[in-house]
Amino acid sequence: MNAVPRTVVTGSGRVTPWEGARVTDGSDLAADMARLRAATGGDIAVFGSSSLTVTLLEQGLMDELRTLLHPVVLSAAAGVSSPV
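So our numbering is basically just the index in the sequence shown, starting at one, shifted up by 21.
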């Protein structure tokens, strides 16, 4: 996984645990997605962010969605199934 180009979308600062990862605030997701598609020539995966996934869906920037469900109960978290 270390050889895969990574972009971290964050609103909390410019901190990234991966050397060489690009950090963005997500203000221009269309440009970020175009850059990633050009760099990888393949699939792009989103890990651990239901809010980013919903935003990508709302902006029409996702052409395929694969969902992995884990049986965890959370009382106050918003999920992908929230109204889009």
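Backbone N, C-alpha and C fix where the C-beta goes; we use that ideal spot for every residue, glycine too.
Measuring alpha carbon to alpha carbon, tell me which of Gly63, Gln80, Gly62, Gly69 ends up nearest His91.
For the residues Gly63, Gln80, Gly62, Gly69, the minimum Cα distance to His91 belongs to Gly69.
For Thr76, which residues from the same chain have a beta carbon less than 7 Å from its beta carbon, with the 5 sequence-adjacent residues on both sides left out?
Counting only Cβ-Cβ distances below 7 Å, and skipping sequence neighbours, we find Leu50.
Which residue marks the beginning of the alpha helix (DSSP H) containing Thr61, and which one marks its end?
Per DSSP, Thr61 belongs to the alpha helix (DSSP H) from 50-61.
Which residue comes first and which comes last in the alpha helix (DSSP H) that contains Val75?
71-79 is the extent of the alpha helix (DSSP H) around Val75.
With Leu57 and Thr31 assumed to form a contact (beta carbons below 8 Å), what rounded beta-carbon distance in angstroms separates them?
Going by Cβ atoms, the distance from Leu57 to Thr31 rounds to 16 Å, so no, they are not a contact pair.
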